[in-house]
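Peer 1: Residue numbers (this note's numbering): 33 to 537.
Would you mind keeping the following structure in view while I ask a few things?
The following block contains the structure:
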């Protein structure tokens with residue numbers, strides 16, 4: 033009891049955890065000398081080949097540290113002034129755990145009060161916080177990049193909403209139109225639909241017929257689209273904005289016949305005698321239309337791109353995205369210009385930050401962050417910068433949420449990342465690999481000494497070995513000469529040139 037009172041206001045770094053048969057050290061006597069090397073309290077690296085148990089170890093650590101149930105096999109130690117001591121269950125209640133893995137195939141982790149699985153759910157995640165993280169990552173990466181605001185409508189608006197609605201209208205009592213293109217459309221549309229009745233028993237013939245019908249249908253609807261555009265408000269941007277606004281309204285009022293009936297009556301393209309103006313659709317359309325026009329007028333400044341069905345421009349900041357989300361304008365935020373690597377980093381930092389939001393809400397000031405292959409999907413250059421970015425990001429959220437201690441464990445396959453860590457901060461789960469100095473070491477040395485493998489791909493190695501045998505036997509060919517001259521490693525090339533019998537046939 034005395035120990036609990038002594039440490040009730042004090043927090044110390046964890047230095048080790050025992051999870052049944054496994055033991056992991058967050059610190060050792062050598063790494064403790066490196067205090068302040070990272071901007072967070074500790075970052076530890078786990079290496080190992082596939083099947084070595086990296087993921088299992090991270091999951092065990094998460095389970096044992098965050099478990100509300102005491103177990104005799106659990107032992108977590110922290111760093112005190114004079115020694116290291118085992119934490120009591122009460123002291124463990126002050127520590128939260130955040131786990132993250134970007135890979136789709138991962139273990140399902142149990143729900144716990146002090147545990148957050150921040151891994152992506154692979155659904156659509158769009159909000160201003162994520163966009164804000166994008167601009168922070170872009171700044172850290174020194175990328176001249178931005179998201180885009182797009183006002184657009186798609187051909188599907190006519191094909192799946194307006195055209196079918198016009199056909200339904202044409203069957204109502206009192207339907208009339210003074211426009212020949214509308215009459216022509218209805219006639220052609222009916223003929224095309226009749227062709228669907230001729231179903232063949234042959235699969236391939238059926239598919240051929242369906243493709244032909246869809247092409248005819250698209251051509252027919254395209255003519256209707258062109259005619260409708262000619263009757264909308266003047267100015268290409270006004271026409272585009274009107275149809276973008278109509279698309280937005282159709283999402284909020286998913287009654288296609290109702291939307292189409294309003295559209296054709298309102299713009300006097302066709303009419304039916306019993307129609308009364310739909311005030312709800314009208315008010316919503318006009319509000320969306322005006323808001324969209326105004327947003328374009330104020331926001332469209334940089335990198336404007338115009339296409340027949342879209343108008344887009346660069347978004348300068350996360351604040352502008354917040355304004356988009358809060359407005360009624362028919363404006364979409366697009367990530368299409370961004371590479372998968374940038375998006376992967378943005379998602380990771382955004383989701384980790386959400387984990388810290390949860391920890392702060394639970395008033396947990398000591399957080400253990402466990403990252404399993406966070407460098408997955410990253411370009412080699414960004415793998416090189418990953419630890420620097422992660423260190424900077426986590427230091428920022430530590431300060432933002434007033435965390436006392438943030439400790440990190442990163443599991444990776446990347447030799448590029450390994451070079452950022454002194455050997456005393458690296459745990460290798462492969463028993464066959466002897467620990468070596470990794471910090472700022474050449475990539476080839478890290479691959480050999482930390483991963484126990486060659487820096488040359490297996491396919492290339494097989495080709496080189498076979499080439500060596502042929503050179504030794506004096507039966508090499510012109511293709512072998514080409515292969516020999518293409519070898520990039522000077523040492524390997526010179527060794528092969530020294531083969532006693534070289535002859536190119």
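Ideal Cβ positions, reconstructed from N, Cα and C, are used throughout, including at glycine.
Note that the coordinates shown come from a computational prediction; the quantities given were computed from them, not determined experimentally.
(1) On the three-state DSSP scale, how would you describe residue 202?
(2) Inspect the CB distances between the segment 255–274 and the segment 222–235 and report whether three or more fall short of 8 angstroms.
(3) If you check the beta carbons only, do residue 110 and residue 64 fall under 8 angstroms apart?
(4) Pull up the distance between the alpha-carbon of residue 500 and that of residue 491, whole angstroms please.
(5) My parser needs the alpha helix (DSSP H) runs of 4 or more residues fully inside the segment 384–463; what are they?
(6) Hey, quick one: how far does the beta strand (DSSP E) through residue 64 stretch, first residue to last?
(7) What residue from 518, 235 and 131 has the CA that sits closest to residue 386's CA?
(8) In the DSSP assignment, the alpha helix (DSSP H) including residue 179 goes from what residue to what residue?
(9) Please tell me whether residue 313 and residue 181 are closer than 8 angstroms, where the distance is taken between their beta carbons.
(10) If we cut at 8 angstroms on Cβ distances, does residue 401 have a partner in chain B?
(11) Can you tell me whether residue 460 is buried or exposed? The criterion is at least 16 other CB atoms within 10 Å of its CB, across all chains shown.
(12) So, helix, strand or coil for residue 153, using DSSP?
(13) Using 8 angstroms as the threshold, is the segment 88–95 in touch with the segment 395–414, meaning 3 or more CB pairs across them?
(14) DSSP three-state label for residue 186, please.
(15) From residue 127 to residue 51, what does the alpha carbon distance come to, in whole angstroms?
(16) Quick one: grab the DSSP three-state call for residue 210.
(17) Tell me whether the segment 252–261 and the segment 183–203 touch, counting them as touching only if at least three CB pairs, one residue from each stretch, are closer than 8 angstroms.
(18) In three-state terms, what does DSSP make of residue 224?
(19) Could you check where the alpha helix (DSSP H) with residue 320 kicks off and where it finishes?
(20) Since residue 74 sits in a beta bridge, which residues does DSSP pair it with?
(21) Taking the beta strand (DSSP E) that residue 46 belongs to, which residues open and close that run?
(22) Give the DSSP bridge partners of residue 364, in chain order.
(23) May I ask you to verify whether the segment 436–450 touches the segment 72–80, counting CB pairs closer than 8 angstroms and requiring at least 3?
(24) Measure the Cβ-Cβ separation of residue 207 and residue 310 and say whether it is below 8 angstroms.
(25) Return the residue from the list 336, 381 and 359 that minimises the CA-CA distance to residue 322.
(26) Within the continuous beta strand (DSSP E) that includes residue 233, where are the two ends?
(27) Identify which residue in 433, 425, 107 and 397 has its Cα closest to the Cα of residue 381.
(28) Would residue 72 and residue 427 be called neighbours here (beta carbons separated by less than 8 angstroms)?
(29) Just how far apart, CA to CA, sit residue 178 and residue 357?
(30) Take the Cβ of residue 430 as the centre, count every other Cβ of all protein chains shown within 10 Å, and call the residue buried at 16 or more, exposed below.
(31) Starting from residue 293 and walking both ways along the beta strand (DSSP E), at which residues does that stretch end?
(32) Under 8 angstroms between the Cβ atoms of residue 410 and residue 361?
Peer 2: So, from the data block:
(1) On the chain shown, residue 202 is found 170 positions in, with the first residue counted as 1. Residue state, collapsed to three classes: helix.
(2) no
(3) Against the chain shown, residue 110 aligns to sequence position 78. Against the chain shown, residue 64 aligns to sequence position 32. Taking 8 angstroms as the Cβ cut-off, residue 110 and residue 64 do not qualify as a contacting pair.
(4) For the purposes of this step, residue 500 is identified with residue 468 of the chain shown, where counting begins at 1. For the purposes of this step, residue 491 is identified with residue 459 of the chain shown, where counting begins at 1. Roughly 14 angstroms between the two C-alpha positions.
(5) 412–432 and 447–450
(6) Stepping through the chain shown from its first residue, residue 64 is reached at position 32. Segment: none, residue 64 is in no beta strand (DSSP E) and carries neither H nor E.
(7) Walking along the chain shown from the start, residue 386 turns up at place 354. Per the Cα distances, 131.
(8) In the chain shown, counting from the first residue as 1, residue 179 sits at position 147. From DSSP, residue 179 is part of no alpha helix (DSSP H); its letter is neither H nor E.
(9) Taking the first residue of the chain shown as 1, we reach residue 313 at position 281. Taking the first residue of the chain shown as 1, we reach residue 181 at position 149. Not a contact, by the Cβ cut-off of 8 angstroms.
(10) Protein chains in the displayed structure number just one, and chain B is not present.
(11) Working through the chain shown from its first residue, we reach residue 460 at position 428. Buried.
(12) Position 121 of the chain shown, counted from the start, is the residue given in the question as residue 153. Residue 153: coil per DSSP, three-state reduction.
(13) yes
(14) Position 154 of the chain shown holds residue 186. Residue state, collapsed to three classes: coil.
(15) Along the chain shown, one-based indexing puts residue 127 at 95. Along the chain shown, one-based indexing puts residue 51 at 19. Between residue 127 and residue 51, the C-alpha separation is close to 16 angstroms.
(16) Locating residue 210 in the chain shown gives position 178, counting from the first residue. In the structure shown, residue 210 sits in coil (DSSP, three-state: anything other than H, G, I, E or B).
(17) yes
(18) Counting from one through the chain shown, the residue named residue 224 turns up at place 192. Looking at residue 224 - three-state DSSP - the assignment turns out to be helix.
(19) Looking up residue 320 in the chain shown gives position 288. Segment 311–331, the alpha helix (DSSP H) holding residue 320.
(20) Locating residue 74 in the chain shown gives position 42, counting from the first residue. The partner list for residue 74 (beta bridge, DSSP) reads 439.
(21) Translated into the one-based positions of the chain shown, residue 46 becomes position 14. Residues 46–51.
(22) To locate residue 364, count along the chain shown from 1; it is residue 332. The partner list for residue 364 (beta bridge, DSSP) reads 182.
(23) yes
(24) In the chain shown, the residue the question calls residue 207 occupies position 175. In the chain shown, the residue the question calls residue 310 occupies position 278. For residue 207 and residue 310, no; Cβs fall outside 8 angstroms.
(25) Locating residue 322 in the chain shown gives position 290, counting from the first residue. Of the listed residues, the one whose Cα sits closest to residue 322 is 359.
(26) Mapped onto the chain shown, residue 233 falls at position 201. No beta strand (DSSP E) contains residue 233, which DSSP labels as neither H nor E.
(27) In the chain shown, residue 381 corresponds to position 349, counting from 1. If we check each option's Cα against that of residue 381, 425 comes out closest.
(28) In the chain shown, the residue the question calls residue 72 occupies position 40. In the chain shown, the residue the question calls residue 427 occupies position 395. Yes, they are a contact pair.
(29) Locating residue 178 in the chain shown gives position 146, counting from the first residue. Locating residue 357 in the chain shown gives position 325, counting from the first residue. Cα-Cα distance, rounded: 17 angstroms.
(30) To locate residue 430, count along the chain shown from 1; it is residue 398. Counting Cβ neighbours within 10 Å, residue 430 comes out buried, since at least 16 surround it.
(31) In the chain shown, residue 293 corresponds to position 261, counting from 1. Careful: residue 293 lies outside any beta strand (DSSP E), inside the alpha helix (DSSP H) at 288–298.
(32) Residue numbering aside, residue 410 sits at position 378 when the chain shown is read from its first letter. Residue numbering aside, residue 361 sits at position 329 when the chain shown is read from its first letter. Result no, Cβ atoms of residue 410 and residue 361 do not sit closer than 8 angstroms.
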